Amino acid sequence: MTEHPEPPSTPPADTPTTPDTPKAQTTASPFIATEPFEPTAQAGPQTPVPGTIITSDDQRWNLIAHYGAAVLLVLTVGTCGWLAGLLTLFLKGGSPVVRAHAVESVNFQLTWGLFTILGITLGLVTSWTCLGLLSGLSALLAGGFAFVFAIVAGRYAARGILYRYPVSFRIIQ
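The sequence shown begins at 0 in numbering that gives the first Met the number 0 and counts up by one.
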């Protein structure tokens, strides 16, 4: 007859024994967001603070602020993407979540819309020189940059996360 050793009465030294040991954090629902969002100085997605539930109406207006800007950028050759965010701000700006998305969209689209208009204007004025070609290409790149980041921000907005655009003048607070 072989004897089986008894299990140890204390846990091994590498096992945490305190009850206040941090547990794995759960991911928040895509409909939980910051109220109001507290943007950081860094560009990119802002970490939502649990507490405010985003209604489906707020979600819809968040998407209009970003995806509407992308559509308007295509229709207006990169110059009027800011109209979607401005429309969202005026029609549904009472919600802090929608306001945060609309303000981010307007600020970014105004910044890059001005760069695009400047490039187009310089391109037309100096069309007979090499500078005209470079200005036209810079306008095209500025519009493309704004379009791509409007899509990125819209994808984050669909998950209930505020996206802080890079290289944007904070015109509206």
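Virtual Cβ for every residue (Gly too), placed ideally from N, Cα, C. All of these numbers come straight from a predicted model, not from anything done at the bench.
Below 8 Å between beta carbons: does that hold for residue i and residue j?
{"i": "Arg163", "j": "Gln45", "result": "yes"}
{"i": "Phe114", "j": "Ser167", "result": "no"}
{"i": "Gly80", "j": "Leu88", "result": "no"}
{"i": "Gly118", "j": "Ala141", "result": "yes"}
{"i": "Ala83", "j": "Ala99", "result": "no"}
{"i": "Ala101", "j": "Gly112", "result": "no"}
{"i": "Leu74", "j": "Ile170", "result": "no"}
Tell me which residues share the same chain as residue i and place their Cβ nearer than 7 Å to its Cβ, disregarding the 5 neighbours each side in the sequence.
{"i": "Leu62", "result": "Gly153, Ala156 and Ala157"}
{"i": "Pro21", "result": "With a pLDDT of only 46 at Pro21, under the threshold of 50, the placement of this residue in the model should not be trusted; the figure read from the coordinates follows. Same-chain partners within the cutoff: there are none."}
{"i": "Leu173", "result": "Given a span of 0 to 172 for the chain in the structure shown, any question on residue 173 remains unanswerable."}
{"i": "Val97", "result": "Asp57, Trp60, Asn61, Thr87 and Lys91"}
{"i": "Thr78", "result": "Gly112, Thr115 and Ile116"}
Could you please give the first and the last residue of the uninterrupted alpha helix (DSSP H) stretch that includes residue i?
{"i": "Thr87", "result": "Trp81 to Lys91"}
{"i": "Val166", "result": "No alpha helix (DSSP H) holds Val166; DSSP gives it neither H nor E."}
{"i": "Val102", "result": "Pro95 to Val124"}
{"i": "Val76", "result": "Careful: Val76 lies outside any alpha helix (DSSP H) and carries neither H nor E."}
By Cβ distance, which residues of its chain are closer than 6 Å to residue i, with the 5 residues on each side in sequence left out?
{"i": "Leu121", "result": "Ser134"}
I'd like to know whether the C-beta of residue i is nearer than 8 Å to at least one C-beta of chain D.
{"i": "Phe89", "result": "This model lacks chain D altogether, as it is built from one protein chain only."}
Cβ contact (3+ pairs, closer than 8 Å) linking the segment 129-138 and the segment 147-164:
no
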